[in-house]
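Chains as they are written, first to last, in my numbering: chain A, 1 to 208; chain B, 1001 to 1208; chain C, 2001 to 2208.
By construction, the Cβ of each residue, glycine as well, lies at the ideal position given by its N, Cα and C atoms.
None of the values given here were measured: they were computed from a predicted structure.
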Amino acid sequence: MTDLFLWILEILGTVAFAISGAMVGVEKKMDLFGVAILGMVTATGGGAIRDLLLDVTPPAVFRNPVYALTAIGVSLLVFLPVVRRAFLQHTRAYELTLRVIDAVGLSVFTVVGVQTAFTVYPDANLFFASFIGALTAVGGGILRDVLAGTMPYVFVKHFYACAALIGAIACALLWPLGSIPAMLTGMALTILLRLLAAHFHWNLPQAK
Amino acid sequence: MTDLFLWILEILGTVAFAISGAMVGVEKKMDLFGVAILGMVTATGGGAIRDLLLDVTPPAVFRNPVYALTAIGVSLLVFLPVVRRAFLQHTRAYELTLRVIDAVGLSVFTVVGVQTAFTVYPDANLFFASFIGALTAVGGGILRDVLAGTMPYVFVKHFYACAALIGAIACALLWPLGSIPAMLTGMALTILLRLLAAHFHWNLPQAK
Amino acid sequence: MTDLFLWILEILGTVAFAISGAMVGVEKKMDLFGVAILGMVTATGGGAIRDLLLDVTPPAVFRNPVYALTAIGVSLLVFLPVVRRAFLQHTRAYELTLRVIDAVGLSVFTVVGVQTAFTVYPDANLFFASFIGALTAVGGGILRDVLAGTMPYVFVKHFYACAALIGAIACALLWPLGSIPAMLTGMALTILLRLLAAHFHWNLPQAK
């Protein structure tokens, strides 16, 4: 039951992340192959980095291809001009929906990252578990930006990565009380912070 | 016998990939060290990424340094202006030769990638084995472009990566019939598609 | 005793590398989070790449968070305009000090890399051990530059990476005579070459 719930949220997050990757590919005038790969990397890259660092083999992205194939399918849809035009006619509703499912994706990738860290290393320290959680959530976006030749978005603007990091720390701190309350709290906190940050345009101080 | 044949093709591919990496380093006005490392990374980076993802340790590039040292030697030659001038006097013959050995390299790296995936994980699914095959072939070029600060070539133009991917899928599909026919078919398909694509300027549709 | 000595030098190197990463983040107008992460990645990224390639799990950066936390703390200080202003008033003394501790950091990361290679693979060949040593030392800087969207510094200018590579080769060659003399020689050579190169503006030939 919990697993099915998590799985649905992961698929939602995969869809949202693939859209963000494919859109960057379209902006950069990549070809069909580039757009599909950039969508896939954005959606599954964070988990792949996590599995490399935790020595989980083979990485989940290969063990169960449903996430990668979903991301590729979504990216191919985004590649079609007719699909992008349809979105443009409902920009506001589309952006709100995408923001919410992106927040859900960010939160579920974060807590699944923490869960994987504690599964492989039950004694993982707080820095370890929460860093892996946040990296699972934002690693795909960092890969996307590096491959697209731009500075990673998470280093420059908004509160995005901090929402994942704070959710990961909460989840890791609460882990001894049980994985389900820890993951639910971490997810709720990440979603809340990410949506508040987007709504109120929270930004971290920038270097001058 | 098959091993010797594969080894010769791998060395040929190493030479072609090292030339492509070193040429990018020269264009970007890197120093001797940068050119040598970029040539080496282009030639051996795809295999290193493959070995990291498959948890093959130590990665082949370190276990047997002949590939890396060949790539470094070739790159140092490319660094010499006198060598580059000699090529410029026979541009057409040189480009044709390089294109053919690059195609051979692409194809052999692809099927060796599939072979390594099935050696480590005999039950690897089709997505897993063929993605690892294609990544072995194009991963070095992606690293080259990221390190040189340009958008990866394979995402933008030509049919290059698709030739590797289609060869990898054919090789993985035929694997149960025997590794030698599977690898020969995968190689032939990759070489054919890559040369046809170059000759007829095949391009995938690009986002607009 | 030796371990304590090494540890102090590693912390010094962590501080110097974190400053260099955080300064790049400040130049690129990253936010607080970006500056902290770029400092941390610069200081700990080389070791993380080394541990991935050697299959050391979990990577040292997670097993013992003191290095990462030191780097984050230093980066947050660099983020403060008041701290950067204080440095600007003593530019010359500050640059000399930073150059010396950066050289110490480069040298200690190099020989610890060689040591880790031989600990995990006692039969590692010379190429393997010395490449891992040099990559431990310069890998963090390469990650810093890729994440900041610039061409890696070590590929373009100065003798920096060569100092680490020559120190690593010396350390690996002397390893059979005992780890302590090998590491001391490798460190001394790296420090000497790096400082001489900076003082006399040594550059490798650049492609034209």
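DSSP has residue i in a bridge; who is on the other side?
| i | result |
| --- | --- |
| aspartate 1145 of chain B | Aspartate 1145 of chain B is not bridged to any residue. |
| aspartate 2031 of chain C | A:Gln206 |
Could you check which residue in the options has the C-alpha nearest to that of residue i?
| i | options | result |
| --- | --- | --- |
| arginine 1194 of chain B | B:Met1183, B:Leu1184, B:Phe1159, B:Pro1205 | B:Phe1159 |
| aspartate 2123 of chain C | C:Leu2054, C:Ile2191, C:Gly2025 | C:Leu2054 |
| arginine 1063 of chain B | C:Ala2168, C:Ile2132, C:Phe2033, C:Gly2149 | C:Ile2132 |
| alanine 1168 of chain B | B:Leu1069, B:Ala1060, B:Val1111, B:Thr1091 | B:Val1111 |
| threonine 70 of chain A | A:Arg85, A:Val83, A:Met40, A:Thr97 | A:Met40 |
| proline 1152 of chain B | B:Leu1106, B:Thr1042, B:Leu1004, B:His1199 | B:Thr1042 |
| leucine 2076 of chain C | C:Val2061, C:Ser2020, C:Leu2196, C:Ile2191 | C:Ser2020 |
| phenylalanine 1005 of chain B | B:Gln1206, B:Leu1204, B:Gly1141, B:Val1104 | B:Val1104 |
| leucine 2096 of chain C | C:Ala2198, C:Leu2177, C:Ala2048 | C:Ala2198 |
| valine 1074 of chain B | B:Ala1036, B:Tyr1094, B:Arg1092 | B:Ala1036 |
| alanine 1207 of chain B | A:Met187, A:Trp202, A:Pro81 | A:Pro81 |
| alanine 154 of chain A | A:Asn203, A:Ala68, A:Tyr94 | Residue 154 of chain A is actually valine in this sequence, not alanine. That would be A:Asn203, whose Cα lies nearest to the Cα of valine 154 of chain A. |
| isoleucine 2072 of chain C | C:Leu2196, C:Ala2093, C:Thr2044 | C:Thr2044 |
Report all residues from its chain with a CB closer than 7 Å to the CB of residue i; omit the five preceding and five following residues, and keep chain order.
| i | result |
| --- | --- |
| leucine 2174 of chain C | Pro2181, Ala2182, Thr2185 |
| glycine 46 of chain A | Phe109, Leu135, Thr136, Ala137, Val138, Gly139, Gly140 |
| leucine 1032 of chain B | Phe1079 |
| leucine 2098 of chain C | Ala2016, Ile2019 |
| alanine 48 of chain A | Pro59, Val61 |
| tyrosine 2094 of chain C | Phe2087 |
Please report the distance separating the alpha-carbon of residue i from that of residue j.
| i | j | result |
| --- | --- | --- |
| serine 1179 of chain B | glutamine 1115 of chain B | 8 Å |
| alanine 2022 of chain C | lysine 2029 of chain C | 10 Å |
| serine 1130 of chain B | leucine 1038 of chain B | 26 Å |
| threonine 136 of chain A | valine 2146 of chain C | 19 Å |
| aspartate 2003 of chain C | proline 1059 of chain B | 29 Å |
| valine 1066 of chain B | isoleucine 1008 of chain B | 12 Å |
| phenylalanine 2087 of chain C | arginine 2144 of chain C | 22 Å |
| threonine 2014 of chain C | valine 2156 of chain C | 23 Å |
| histidine 1090 of chain B | arginine 84 of chain A | 47 Å |
| threonine 2150 of chain C | glycine 34 of chain A | 22 Å |
| leucine 1189 of chain B | isoleucine 142 of chain A | 34 Å |
| histidine 1201 of chain B | cysteine 1162 of chain B | 14 Å |
| leucine 52 of chain A | leucine 1106 of chain B | 25 Å |
| valine 2026 of chain C | methionine 2187 of chain C | 30 Å |
| alanine 1969 of chain C | phenylalanine 1118 of chain B | The structure shown does not extend to residue 1969 of chain C, since chain C is modelled only from 2001 to 2208, so the question has no answer here. |
| leucine 1177 of chain B | alanine 1170 of chain B | 12 Å |
| isoleucine 2191 of chain C | methionine 2001 of chain C | 21 Å |
| arginine 2092 of chain C | arginine 1092 of chain B | 54 Å |
By Cβ distance below 8 Å, which residues in the same chain neighbour residue i in space, the five residues on each side in sequence not counted?
| i | result |
| --- | --- |
| valine 56 of chain A | Arg50, Thr116, Val120 |
| proline 205 of chain A | none |
Which residues in the same chain have their Cβ closer than 6 Å to the Cβ of residue i, if we skip the five residues on either side of it in sequence?
| i | result |
| --- | --- |
| glutamate 2010 of chain C | Val2108 |
| leucine 2165 of chain C | Ala2134 |
| isoleucine 2101 of chain C | Leu2012, Ala2016 |
| alanine 172 of chain A | Val114, Leu126, Ala129, Ser130 |
| alanine 148 of chain A | Val24, Lys28 |
| leucine 196 of chain A | none |
Between residue i and chain E, is any beta-carbon pair separated by less than 7 Å?
| i | result |
| --- | --- |
| methionine 151 of chain A | Here the protein chains are A, B and C, and chain E is not one of them. |
Every unbroken beta strand (DSSP E) within the region 2088-2163 of chain C, with a cutoff of 3 residues, ordered by chain:
none
At what residue ranges does the region 2052-2080 of chain C contain a whole run of the alpha helix (DSSP H), taking only runs of 4 or more?
2060-2063, 2066-2079
What are the uninterrupted segments assigned as alpha helix (DSSP H) that are 4 or more residues long and contained completely in the region 2164-2200 of chain C, given in chain order?
2179-2199
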